[in-house]
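Chemist: This is the structure I want to talk about, given as C-alpha cells.
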Amino acid sequence: MKVRFAPSPTGVPHIGNTRTALFDYLLARKNKGIFILRIEDTDQKRLVEGAEEKIEEILDWLGISPDEKLKQSERLDTYKKYAKELVEKGVAYEKDGAIYVKVPDEKKLSWTDAVGNKQISFEGKDVEDFVVLKSDGYPTYHLASVVDDHLTEITHVIRGEEWISSVPKHLFIYESLGWKPPVFVHLPVILSTDKSKLSKRHGAKSVLELRDEGYLKEAIINFMALLGWNPGGDKEVMSLEEMVNLFDLKDVNVSNPIFDIKKLDWMNGVWIRKLSVEELAKRVGSKDLKLVELAQSRMTTLNDFGILTNFFYEKPKIKLDQSDRIVVERLAKELSNVKTWKTEEILLVLKKVMIEEKVKMKVLYKIFTGSESGLPLPQSLEILGKEKTFERLNV
RNA sequence: GACCCCAUCGUCUAGCGGUUAGGACAGUAGGUUUUCAGCCUGCUUACACCAGUUCGAAUCUGGUUGGGGUCACCA
85 MKVRFAPSPT GVPHIGNTRT ALFDYLLARK NKGIFILRIE DTDQKRLVEG
135 AEEKIEEILD WLGISPDEKL KQSERLDTYK KYAKELVEKG VAYEKDGAIY
185 VKVPDEKKLS WTDAVGNKQI SFEGKDVEDF VVLKSDGYPT YHLASVVDDH
235 LTEITHVIRG EEWISSVPKH LFIYESLGWK PPVFVHLPVI LSTDKSKLSK
285 RHGAKSVLEL RDEGYLKEAI INFMALLGWN PGGDKEVMSL EEMVNLFDLK
335 DVNVSNPIFD IKKLDWMNGV WIRKLSVEEL AKRVGSKDLK LVELAQSRMT
385 TLNDFGILTN FFYEKPKIKL DQSDRIVVER LAKELSNVKT WKTEEILLVL
435 KKVMIEEKVK MKVLYKIFTG SESGLPLPQS LEILGKEKTF ERLNV
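Residues 85 to 479 (our numbering) make up the first sequence, in order.
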C-alpha cells in the first residue's frame, strides 16, 4: 500500500487540507505502507514563497512526516512525454500551444469510491475537453497527478471530495495510457459553520496558527481525525498510535462535517490534563511545576497559562473602591500575623477576613489578581511569597 | 443552470429490518469547593418530507425538498 499527500504550495494548508494528510498517514501506517509527500508546483503563477516549507513543518510538528518526497516541477520531461503519447494515440490534440484531451461523448467512466464504497459514474458528454499540458510546458494537475500516481505506484489516492468531478478525466488518461487506476478515496469536504466549504476567507486556520494559539498537536490530530472518521463505538479521545490501530477506510463518513471549534477547545483541555505536569511545564515554557499544576485543569489552550499566571510576574493594575480599601488594610493586618507562609494558614486568614468584612471570595481575587477568578488564591499567595504579597497590597 | 455527492439532537457521531434511537461537545440544573476551572449527577434537543417494499423501517427502493462540490492553459 502506498499513498501520497499532494498539496500545491500556494499557501499554508488549513485544517481541512491537513486532515487529508492525516488520513494518508493513518492508512499507510495501519497497513505498513509508504506515505509520500508530493509537491504539486506546476502552476508557476500561484507559487507562494515558503509554502512548501510550511507544509513540511506542519507534518513534522504533528508527527506525521512523510517517508518520501517528490516535486513535480523537477519532472517536466516525464509529463511532456506522456502528453505526446496521448496525442499520438489520438485522444489528445494541440490548440493554442496547449495539449487538450477529449473524452468521447459515448464513453462511460465509473469507479467505486472507497468512501462509502459506492459506485460513481460519469458520461463522456458531460466531461469537457481539458488541458493536460499548458503552453508554458508545465502539465496540469490532471496529467501530472495521474502520471505520478502511476509511476510511483500509488495504490490509494486520498483527497478531497471536490476532486470527484475530475476523476472521469483521470480515468480516461489511465485507460488511454493502458494503466490501471488506483483506489480512489474522496473525503467529504469540511464545511464552515455557515455550511460553506472551509476556506481561509471563512477563517479556516492552519495547523501552524492553531499551534500558535496554544492547541496541542495531540488534540488537533484527534479532532481532525474525528471529522469524518469514527471507528464505531464511543471512544473519542485517542492518540495517534491508537488511531493508526483502529483506522479503516470503511469507517470514513460520506457526509460533510462542520468544523466546530468548541469541540476542539474541549478536546484540547482534555489533552492538556492528560499531560504530565513536567511535560506541560515544558510546553508552556515554565519551570515552576507548582504553578503549572495549579493551572493545568484551568487551561483550554496553552496560551491560557500566561493569562492565568500573569499576576505572579507583574503587579496588576486594579481599581479599588472605598470598601475594597478597607478590606485591603484588614488583609494586610491579618496576613502579617501569619507565621508559616503556607496555604492552610493563609486560607484561614482569608476566610476570617471574608467573614468579618462580609465580603465574597471574588473580592479577594480582585484585590490580588485584578480578576474575579483565577488560580486558587491561598496556593497562589504561598507561591508568590509573603514579601511580594505585601508588595501587592501596597504596605 | 448542467453534472456529481450528501441528509440522525445546534455540532461531531453510533446505528447497518424489531433499540425507551446510544455517546461526546455545546446548553442547562445540581453536587464537590477557596473564586474559576476540573470532577460527579440529572435534564433539554434528532431520524427533512412523501410514497413504496415488509408482519415490522432511521435502516431497503423511488421521488420531493434541502445542503454541498465541480464546471480555468488553478490545484
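A virtual CB, placed ideally from N, CA and C, is assigned to each residue, including glycine.
Where does E485 sit, in a helix, a strand or coil, going by DSSP?
Modeler: Any answer about residue 485 is impossible in this case: the structure gives the chain only from 85 up to 479.
Chemist: Once DSSP output is grouped into helix, strand and coil, what is the label at W195?
Modeler: Three-state result, W195: strand.
Chemist: Can you give me the start and stop residues for the beta strand (DSSP E) that A182 sits inside?
Modeler: Residues 182-185.
Chemist: Please name the residue, chosen from E141, K116, K218, that lies closest to D127 on a Cα-to-Cα basis.
Modeler: Looking at the Cα atoms, K218 is the closest of the given residues.
Chemist: Taking C-alpha atoms, which residue in F256, A135, L310, K168 lies nearest to K192?
Modeler: The shortest C-alpha separation from K192 is found at F256.
Chemist: Out of curiosity, what's the CA-to-CA distance linking D232 and A167?
Modeler: About 13 Å.
Chemist: On the criterion of 16 or more Cβ atoms from any shown chain inside 10 Å, does M445 qualify as buried, or is it exposed?
Modeler: Exposed, since its Cβ has fewer than 16 Cβ neighbours within 10 Å.
Chemist: Just to confirm the assignment, what range does the alpha helix (DSSP H) spanning Q406 have?
Modeler: Note, Q406: alpha helix (DSSP H), 406-419.
Chemist: Considering only the alpha carbon of each residue, which of I123, K164, R285, D151 lies closest to G181?
Modeler: Measuring from the Cα of G181, the nearest candidate turns out to be K164.
Chemist: Would the beta-carbon of V175 fall within 8 Å of that of K186?
Modeler: The answer is yes: Cβ separation under 8 Å.
Chemist: What is the residue span of the alpha helix (DSSP H) that V215 lies within?
Modeler: Run containing V215: none in the alpha helix (DSSP H); it sits in the beta strand (DSSP E), 214-217.
Chemist: Using the rule of at least 16 other Cβ atoms within 10 Å of the residue's Cβ for burial, across every protein chain shown, is Y449 buried or exposed?
Modeler: Buried.
Chemist: Could you tell me which residues DSSP puts in a beta bridge with H240?
Modeler: Partner(s): V87, V267.
Chemist: What residue range does the beta strand (DSSP E) around E207 cover?
Modeler: E207 -> beta strand (DSSP E) spans 202-207.
Chemist: Roughly how many whole angstroms lie between the Cα atoms of L300 and V437?
Modeler: The straight-line gap from Cα to Cα measures roughly 41 Å.
Chemist: Can you give me the Cβ contacts of T104 inside the same chain, cut-off strictly under 8 Å, excluding the 5 residues immediately before and after it?
Modeler: Same-chain partners within the cutoff: F89, I242, R243, G244, L271.
Chemist: Using DSSP with H/G/I as helix, E/B as strand and the rest coil, what is P252?
Modeler: Looking at P252 - three-state DSSP - the assignment turns out to be helix.
Chemist: Helix, strand or coil: how does DSSP classify I274 here?
Modeler: The answer is coil: DSSP assigns I274 none of H, G, I, E or B.
Chemist: In terms of residue numbering, what span does the alpha helix (DSSP H) encompassing S476 cover?
Modeler: What sits at residue 476 in the sequence shown is Arg, not Ser. Residues 470-476.
Chemist: Below 8 Å between beta carbons: does that hold for V132 and S290?
Modeler: Cβ distance not < 8 Å, so V132 and S290 don't count as in contact.
Chemist: Below 8 Å CB to CB, which residues in the same chain sit around L468 once its five sequence neighbours on both sides are set aside?
Modeler: So the list reads F396, R476, once near-sequence residues are dropped.
Chemist: Just to confirm, is the Cβ distance from D151 to I120 under 8 Å?
Modeler: It is a contact, given that the beta carbons lie within the stated cut-off.
Chemist: Note down, in chain order, each residue of its chain lying with its Cβ closer than 8 Å to the Cβ of S250, except the 5 sequence neighbours on either side.
Modeler: Hits under 8 Å: Y225, H226.
Chemist: From what residue to what residue does the alpha helix (DSSP H) around L121 run?
Modeler: Run containing L121: none in the alpha helix (DSSP H); it sits in the beta strand (DSSP E), 118-123.
Chemist: Using the C-alpha atoms, what's the distance from Q156 back to P315?
Modeler: Rounded to whole angstroms, P315 to Q156 spans 35 Å at the Cα level.
Chemist: Decide if the region 108-119 is in contact with the region 328-335; the criterion is three or more beta carbon pairs, one per stretch, under 8 Å apart.
Modeler: The region 108-119 is in contact with the region 328-335.
Chemist: Check whether the Cβ atoms of E141 and L292 lie closer than 8 Å to each other.
Modeler: Yes, these two residues count as a Cβ contact at 8 Å.
Chemist: Taking its Cβ as the centre, do 16 or more other Cβ atoms sit within 10 Å of D405, making it buried, or is it exposed?
Modeler: Looking at its Cβ environment, which holds fewer than 16 other Cβ atoms inside 10 Å, D405 is exposed.
Chemist: Measuring straight from C-alpha to C-alpha, what distance separates K347 and F307?
Modeler: Rounded to whole angstroms, K347 to F307 spans 8 Å at the Cα level.
Chemist: Pull up the distance between the alpha-carbon of S464 and that of H240, whole angstroms please.
Modeler: Roughly 55 Å between the two C-alpha positions.
Chemist: Taking the alpha-carbon positions, what's the V211 to I304 distance?
Modeler: Rounded to whole angstroms, V211 to I304 spans 38 Å at the Cα level.
Chemist: Can you say whether S229 is buried or exposed, counting buried as having 16 or more other CB atoms within 10 angstroms of its CB?
Modeler: S229 comes out buried.
Chemist: State the CB to CB distance for the pair V443 and V433, rounded to an integer number of angstroms; the pair is presumed to be in contact (CB under 8 Å).
Modeler: No, V443 and V433 are not in contact; Cβ-Cβ is about 13 Å, not under 8 Å.
Chemist: Am I right that D349 and T393 are in contact with their C-beta atoms under 8 Å? What's the rounded C-beta distance?
Modeler: About 20 Å separates the two Cβ atoms, so there is no contact after all.
Chemist: Out of curiosity, what's the CA-to-CA distance linking K417 and S407?
Modeler: The straight-line gap from Cα to Cα measures roughly 16 Å.
Chemist: Where R357 and K202 are concerned, what is the direct C-alpha to C-alpha distance, given to the nearest angstrom?
Modeler: Between R357 and K202, the C-alpha separation is close to 41 Å.
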